[in-house]
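Worksheet: the structure to be examined is printed underneath.
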Amino acid sequence: LGLLPLSLAPLPFGKLGTVKSLVLPPAGPHFELASEGEVVQLMLNDSNLRSLEGLDLERFAALDLLNLSFNSIATLSPLLTLTLTNLTVLDVSHNNLSSLDGVQSLSQLKVLRAHCNKISDLRALAHGP
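In the working numbering, the protein residues as written are -12 to 116.
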(Lines of atoms letter the chains of each structure in order from A and count residues from 1; the text may use other names and numbers.)
(Lines give C-alpha, C1' and ligand atoms only; values in the text may rest on other atoms or scores of the structure.)
Protein backbone atom coordinates (compact mmCIF):
# COMPACT_ATOMS: atom_id res chain seq x y z
CA LEU A 1 0.00 0.00 0.00
CA GLY A 2 1.24 3.45 -0.77
CA LEU A 3 0.21 6.97 -1.60
CA LEU A 4 0.50 8.26 -5.13
CA PRO A 5 0.77 11.90 -6.18
CA LEU A 6 -2.12 12.14 -8.64
CA SER A 7 -3.91 15.24 -9.80
CA LEU A 8 -7.68 15.56 -10.14
CA ALA A 9 -7.79 16.84 -13.70
CA PRO A 10 -8.86 14.54 -15.28
CA LEU A 11 -8.89 11.42 -13.15
CA PRO A 12 -7.04 8.67 -15.10
CA PHE A 13 -9.09 5.80 -13.61
CA GLY A 14 -8.65 3.60 -16.67
CA LYS A 15 -4.86 3.43 -16.30
CA LEU A 16 -4.36 2.56 -12.64
CA GLY A 17 -2.82 -0.86 -13.11
CA THR A 18 -1.76 -2.46 -9.83
CA VAL A 19 -2.12 0.54 -7.54
CA LYS A 20 -3.06 -0.57 -4.01
CA SER A 21 -4.02 2.76 -2.46
CA LEU A 22 -5.04 6.17 -3.80
CA VAL A 23 -6.05 9.26 -1.82
CA LEU A 24 -7.48 12.34 -3.56
CA PRO A 25 -6.86 15.92 -2.36
CA PRO A 26 -6.46 17.37 0.17
CA ALA A 27 -5.13 14.17 1.71
CA GLY A 28 -4.16 12.90 -1.75
CA PRO A 29 -5.98 10.21 -3.84
CA HIS A 30 -6.82 6.96 -2.01
CA PHE A 31 -8.14 3.62 -3.19
CA GLU A 32 -7.41 0.03 -2.37
CA LEU A 33 -7.20 -2.91 -4.75
CA ALA A 34 -8.14 -6.52 -4.27
CA SER A 35 -5.40 -9.08 -4.82
CA GLU A 36 -6.40 -9.52 -8.46
CA GLY A 37 -5.86 -5.81 -9.08
CA GLU A 38 -9.44 -4.51 -8.94
CA VAL A 39 -10.28 -1.40 -6.94
CA VAL A 40 -12.29 -2.32 -3.81
CA GLN A 41 -12.16 0.96 -1.88
CA LEU A 42 -12.31 4.41 -3.43
CA MET A 43 -11.94 7.54 -1.31
CA LEU A 44 -13.06 10.70 -3.11
CA ASN A 45 -13.84 12.61 0.06
CA ASP A 46 -13.08 16.32 0.25
CA SER A 47 -12.31 16.48 -3.48
CA ASN A 48 -14.42 19.50 -4.48
CA LEU A 49 -16.82 17.26 -6.43
CA ARG A 50 -20.12 18.80 -7.51
CA SER A 51 -21.38 15.82 -9.49
CA LEU A 52 -20.83 12.11 -10.04
CA GLU A 53 -20.92 12.73 -13.79
CA GLY A 54 -17.61 12.04 -15.51
CA LEU A 55 -16.09 10.04 -12.65
CA ASP A 56 -16.12 6.79 -14.66
CA LEU A 57 -17.31 4.85 -11.62
CA GLU A 58 -18.56 2.00 -13.82
CA ARG A 59 -14.92 0.92 -14.19
CA PHE A 60 -14.97 -0.11 -10.52
CA ALA A 61 -17.12 -3.26 -10.63
CA ALA A 62 -15.37 -4.76 -7.55
CA LEU A 63 -15.86 -1.62 -5.44
CA ASP A 64 -17.14 -2.37 -1.94
CA LEU A 65 -16.56 1.04 -0.30
CA LEU A 66 -17.08 4.47 -1.86
CA ASN A 67 -16.43 7.61 0.17
CA LEU A 68 -17.84 10.79 -1.39
CA SER A 69 -18.10 12.76 1.85
CA PHE A 70 -17.27 16.46 2.24
CA ASN A 71 -18.03 17.44 -1.35
CA SER A 72 -20.81 19.50 -2.96
CA ILE A 73 -22.73 16.67 -4.63
CA ALA A 74 -26.42 17.50 -5.11
CA THR A 75 -27.71 14.23 -6.59
CA LEU A 76 -26.93 10.51 -6.50
CA SER A 77 -29.17 9.71 -9.49
CA PRO A 78 -26.16 8.83 -11.71
CA LEU A 79 -25.77 5.73 -9.50
CA LEU A 80 -28.94 4.37 -11.14
CA THR A 81 -27.05 3.72 -14.38
CA LEU A 82 -24.05 2.02 -12.75
CA THR A 83 -23.47 -1.63 -11.92
CA LEU A 84 -21.83 -1.45 -8.50
CA THR A 85 -23.09 -4.84 -7.33
CA ASN A 86 -20.37 -5.28 -4.68
CA LEU A 87 -20.77 -1.89 -3.00
CA THR A 88 -21.56 -2.40 0.69
CA VAL A 89 -20.53 0.98 2.16
CA LEU A 90 -21.41 4.41 0.74
CA ASP A 91 -20.50 7.62 2.54
CA VAL A 92 -22.17 10.71 1.10
CA SER A 93 -22.20 12.72 4.31
CA HIS A 94 -21.51 16.46 4.22
CA ASN A 95 -22.80 17.14 0.70
CA ASN A 96 -25.79 19.05 -0.75
CA LEU A 97 -28.18 16.11 -1.17
CA SER A 98 -31.93 16.60 -0.82
CA SER A 99 -32.79 13.03 -1.88
CA LEU A 100 -31.18 9.61 -1.75
CA ASP A 101 -32.51 8.69 -5.20
CA GLY A 102 -29.89 6.44 -6.74
CA VAL A 103 -29.08 4.26 -3.73
CA GLN A 104 -31.94 1.88 -4.58
CA SER A 105 -29.74 0.44 -7.35
CA LEU A 106 -27.07 -0.62 -4.83
CA SER A 107 -28.37 -4.09 -4.02
CA GLN A 108 -25.59 -5.08 -1.58
CA LEU A 109 -25.45 -1.77 0.34
CA LYS A 110 -25.20 -2.38 4.10
CA VAL A 111 -23.95 0.98 5.38
CA LEU A 112 -25.17 4.36 4.12
CA ARG A 113 -23.71 7.47 5.73
CA ALA A 114 -25.69 10.51 4.63
CA HIS A 115 -25.66 12.86 7.63
CA CYS A 116 -25.15 16.61 7.26
CA ASN A 117 -27.14 16.93 4.04
CA LYS A 118 -30.48 18.58 3.22
CA ILE A 119 -32.34 15.30 2.72
CA SER A 120 -36.11 15.69 2.69
CA ASP A 121 -37.02 12.76 0.42
CA LEU A 122 -36.45 9.20 1.66
CA ARG A 123 -38.58 7.40 -0.96
CA ALA A 124 -35.49 5.79 -2.51
CA LEU A 125 -34.95 3.84 0.71
CA ALA A 126 -38.40 2.26 0.47
CA HIS A 127 -37.38 0.42 -2.72
CA GLY A 128 -34.01 -0.92 -1.55
CA PRO A 129 -31.16 -1.35 -1.35
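Here a beta-carbon is modelled for each residue, glycine too, at the ideal position from N, C-alpha and C.
Quick caveat: nothing in here was measured; it's all calculated off a predicted structure.
On a Cα-Cα basis, can you pick out the residue from 67, 35, 34 and 41 that is closest to residue 88? 67
Candidates 109, 50, 60 and 83: which alpha carbon is nearest residue 41's? It is 60 whose Cα lies nearest to the Cα of residue 41.
Considering only DSSP beta bridges, list what residue 53 is partnered with. 29 and 77
Would DSSP call residue 100 helix, strand or coil? strand
Using 8 Å as the threshold, is the C-beta distance between residue 96 and residue 90 below it? Annotated as proximal: residue 96 and residue 90, with beta-carbon spacing under 8 Å.
Whole-angstrom C-beta distance between residue 73 and residue 49, which should lie under 8 Å: 6 Å
I'd like the span of the alpha helix (DSSP H) that includes residue 46, first residue to last. Unbroken run through residue 46: none, as it is neither H nor E.
Apart from the five residues just before and just after residue 76, which ones in its own chain have a Cβ nearer than 6 Å to its Cβ? 52 and 98
Express the C-alpha separation of residue 105 and residue 26 in angstroms, rounding to a whole number. Roughly 30 Å separates the two Cα atoms.
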